[in-house]
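Report on the structure given below.
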Amino acid sequence: MRIGFGNDIHRLAEGRALMLGGIAIPSKKGEVAHSDGDVLLHALIDALLGAKALGDIGALFPPSDAKYKDADSKELLKKVLELTKPEIINIDATITLEAPKLRGYIDSIRESLSELLSIDASRVSIKAKTNEGLGEIGSGAAIKAECIMLID
Ligand code: MG
1 MRIGFGNDIH RLAEGRALML GGIAIPSKKG EVAHSDGDVL LHALIDALLG AKALGDIGAL
61 FPPSDAKYKD ADSKELLKKV LELTKPEIIN IDATITLEAP KLRGYIDSIR ESLSELLSID
121 ASRVSIKAKT NEGLGEIGSG AAIKAECIML ID
């Protein structure tokens with residue numbers, strides 16, 4: 001078995017969609033990014049690449065490459081799944097943001113990841129918390145995701 005860890009942070013701004021795990025969450029602000037900015041999928045991709053010791057998302061999909069402008073992170077994940085062909089045992093992720101409250105969306109995010117990864121939703125854990133008003137995340141200027149993954 002092997003383990004991988006990934007994290008990501010993005011700035012938040014009005015007029016952008018808040019993408020988490022491949023779905024849009026109703027929110028005043030969304031991630032600012034070269035791609036669609038799905039912070040959870042980016043952390044997940046890095047966990048997957050980490051488990052296989054294959055580098056990181058920035059090396060694979062350079063932000064300097066115009067090809068990835070407004071890229072759908074689900075498509076990036078599909079490419080990484082083709083590359084790594086993982087047998088995923090489970091993933092556990094934490095999203096840190098001040099607003100909106102994600103409690104009502106956690107199961108939808110789990111379902112989306114379960115579909116994207118072709119694994120049962122019981123293998124996908126998603127947690128959400130605030131940063132207690134501290135720092136850039138606490139002020140609502142940024143969102144962070146961390147993800148750990150075990151593969152066979
Ligand atoms: Mg990112």
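Letter by letter, the sequence shown follows residues 1 to 152 of my numbering.
For glycine and all other residues, C-beta sits at the position ideal for the given N, C-alpha and C.
Here the structure is a predicted model, which is why all the values come from computation and not from measurement.
Paired residues, beta bridge with H10 - DSSP: I143
Residues that G30 bridges to, as DSSP identifies them: A13
Span separating the alpha-carbon of G21 from that of E111: 9 Å
Whether M1 touches I89 by CB criterion (8 Å): yes
R16 versus A53: straight-line alpha-carbon distance, rounded: 33 Å
Meets three-Cβ-pair contact criterion under 8 Å: the region 99–111 and the region 43–62: no
Chain-order list of residues whose beta-carbon lies under 8 Å from that of E98 (same chain, five-residue window excluded): T130, N131, G133, I137, G138, S139, G140
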